[in-house]
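Quick note on numbering: UniProt numbering labels position 232 of the sequence shown as 232, and the sequence is numbered without any gaps. We put the beta carbon where it would ideally sit given N, CA and C, even for glycine. Bear in mind the structure is a predicted one, so any value in this text is a computation, not a measurement.
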Amino acid sequence: MSAVPEGWTLFYSGKVRDLYRSDEHEGRVLMVASDRVSAFDHVLEPGIPGKGALLTSLSLWWFAQLDVPNHLAPHDSVPDAATELPASAMLVTTLDMYPVECVVRGYLSGSGWLEYQQSGSVCGVQLPAGLNDGDRLPEPIYTPAWKAPLGEHDENITFERTVELVGAEAAAALRDTSLAIFRAASAIAEKRGIILADTKFEFGADPATGELTLADEVLTSDSSRYWDAALYETGNRTASFDKQIVRDWLAAHWDKTGTPPELPAEIVERTAARYRELIERLTGA
Ligand code: ATP
Ligand code: MG
Numbered sequence: 001m002s003a004v005p006e007g008w009t010l011f012y013s014g015k016v017r018d019l020y021r022s023d024e025h026e027g028r029v030l031m032v033a034s035d036r037v038s039a040f041d042h043v044l045e046p047g048i049p050g051k052g053a054l055l056t057s058l059s060l061w062w063f064a065q066l067d068v069p070n071h072l073a074p075h076d077s078v079p080d081a082a083t084e085l086p087a088s089a090m091l092v093t094t095l096d097m098y099p100v101e102c103v104v105r106g107y108l109s110g111s112g113w114l115e116y117q118q119s120g121s122v123c124g125v126q127l128p129a130g131l132n133d134g135d136r137l138p139e140p141i142y143t144p145a146w147k148a149p150l151g152e153h154d155e156n157i158t159f160e161r162t163v164e165l166v167g168a169e170a171a172a173a174l175r176d177t178s179l180a181i182f183r184a185a186s187a188i189a190e191k192r193g194i195i196l197a198d199t200k201f202e203f204g205a206d207p208a209t210g211e212l213t214l215a216d217e218v219l220t221s222d223s224s225r226y227w228d229a230a231l232y233e234t235g236n237r238t239a240s241f242d243k244q245i246v247r248d249w250l251a252a253h254w255d256k257t258g259t260p261p262e263l264p265a266e267i268v269e270r271t272a273a274r275y276r277e278l279i280e281r282l283t284g285a
């Protein structure tokens, strides 16, 4: 794997991704997806070999499937960086990001299921009574979260709260675009026997044009819950194509205090295989 090209300096490290900038290329960010894996808000050891490259290739594939403006920068706009980008890297336009995580759910699961059990609704969206964990919703719902500063938990919010945060026009555009992308992506995944249960998008405004632009990673197994449709039919609603294997192992071997234990090689390999399987199923590659 090639390294980050010369002249790009690290300026931000999230739990999973590293962002680089270059004085010579104002307005561009090099986003590098690492092999780090996080669960229960901890970064675990060791990483999953190949994960960063796999998830980046999945993002790029989805950007190409979706008919919506995205943040990918043409490589020829940065000639020296374009020559040898690592497979885990994406060259993007720096956007003015909206502080909203645009979550869409087609199925009830995870934090949505927890909230529904308490209130019968998710992020202010009222749902029919009597739903079970993993049930398909009558139609996809938009359940935004506020993007908390580093180290704090993102917080589920109502649509009305997003209007206060970003204004009525942008809030409506974020919601409508998120739902439209979710529907399009679900249909594509379904044809391949994969259920897109839920996902999270991030958007920004293009600083030059103000255009609403899809950013971040998109529809990867870090940002989305995917299920095998055939297994789902048989009643299995937990075999997701993500780090579920890691989460299950940790839940059984760690009491969530102190430093998490090191992942065994077998768990690492099974997780890597799961990421590969999702990409093969979706993209046919
Ligand atoms: P976490 O580890 O909880 O995910 P994080 O979201 O801050 O924290 P990353 O997802 O690793 O960390 O980092 C990606 C960051 O880059 C996010 O803050 C995201 O909003 C931002 N981002 C994504 N696309 C763009 C873009 N085109 N322009 C500017 N910032 C972007
Ligand atoms: Mg993030």
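- Look up residue 126 in the DSSP assignment and give the residues it is bridged to. 121
- Query: At what residue ranges does the stretch 191–256 contain a whole run of the beta strand (DSSP E), taking only runs of 3 or more?
  - Reply: 194–205, 212–215, 224–228
- Should residue 85 be listed as close to the ligand ATP, given that the test is whether its C-beta is under 7 Å from any heavy atom? no
- Task: Using the Cα positions of residue 91 and residue 220, report the straight-line distance between them to the nearest angstrom.
- Result: 17 Å
- Rank 42, 217, 167, 200 by C-alpha distance to the C-alpha of residue 180 and give the top, closest one. 200
- For residue 146, the residue or residues it bridges with in DSSP: 100, 155
- Provide the residue span of the alpha helix (DSSP H) that contains residue 270, from first to last. 265–283
- Query: In terms of residue numbering, what span does the alpha helix (DSSP H) encompassing residue 60 cover?
  - Reply: 51–65
- Does DSSP classify residue 22 as helix, strand or coil? coil
- Message: For the ligand ATP, I want to know if residue 216 counts as a neighbour, meaning its beta carbon is within less than 7 Å of at least one of the ligand's heavy atoms.
- Response: yes
- Item | Nearest-angstrom beta carbon gap, residue 17 and residue 8 [assumed within contact, 8 Å] | Not a contact, Cβ separation roughly 14 Å.
- Message: I want to know whether the stretch 48–56 touches the stretch 105–124 - three or more CB-CB distances under 8 Å.
- Response: no
- Query: Does any heavy atom of the ligand ATP sit closer than 7 Å to the C-beta of residue 271?
  - Reply: no
- Item | Cutoff 7 Å; reference residue 218; Cβ partners in own chain excluding five residues on either side | 59, 62, 63, 201
- Query: Count the other CB atoms within 10 Å of the CB of residue 116; is the residue buried (16 or more) or exposed (fewer)?
  - Reply: buried
- Query: Would you call residue 95 buried or exposed, if buried means 16 or more other Cβ atoms sit within 10 Å of its Cβ?
  - Reply: buried
- From residue 144 to residue 162, what distance separates their C-alpha atoms? 8 Å
- Query: Cα separation between residue 171 and residue 265?
  - Reply: 44 Å
- Query: Hey, residue 196 and residue 106: beta-carbon distance below 8 Å or not?
  - Reply: yes
- Determine the direct distance from the alpha carbon of residue 231 to that of residue 253, and round the result to whole angstroms. 26 Å
- Message: Using only the alpha-carbon positions, how far apart do residue 100 and residue 76 sit?
- Response: 31 Å
- Task: Locate the beta strand (DSSP E) running through residue 29, then write down its first and last residues.
- Result: 28–33
- Task: Under the assumption that residue 216 contacts residue 226 (Cβ atoms under 8 Å), give the Cβ distance between them as a whole number of angstroms.
- Result: That pair is no contact at about 17 Å.
- Message: Measuring alpha carbon to alpha carbon, tell me which residue in 5, 109, 87 is nearest residue 236.
- Response: 109
- Item | Reduced DSSP category for residue 13 - H, G, I as helix; E, B as strand; rest coil | strand
- Taking residue 65 as the reference, which of 214, 246, 38 has the closest Cα? 214
- Item | Check whether residue 228 and residue 194 have beta carbons under 8 Å apart | yes
- Message: Distance check for residue 102 and residue 148, CA to CA, integer angstroms please.
- Response: 13 Å
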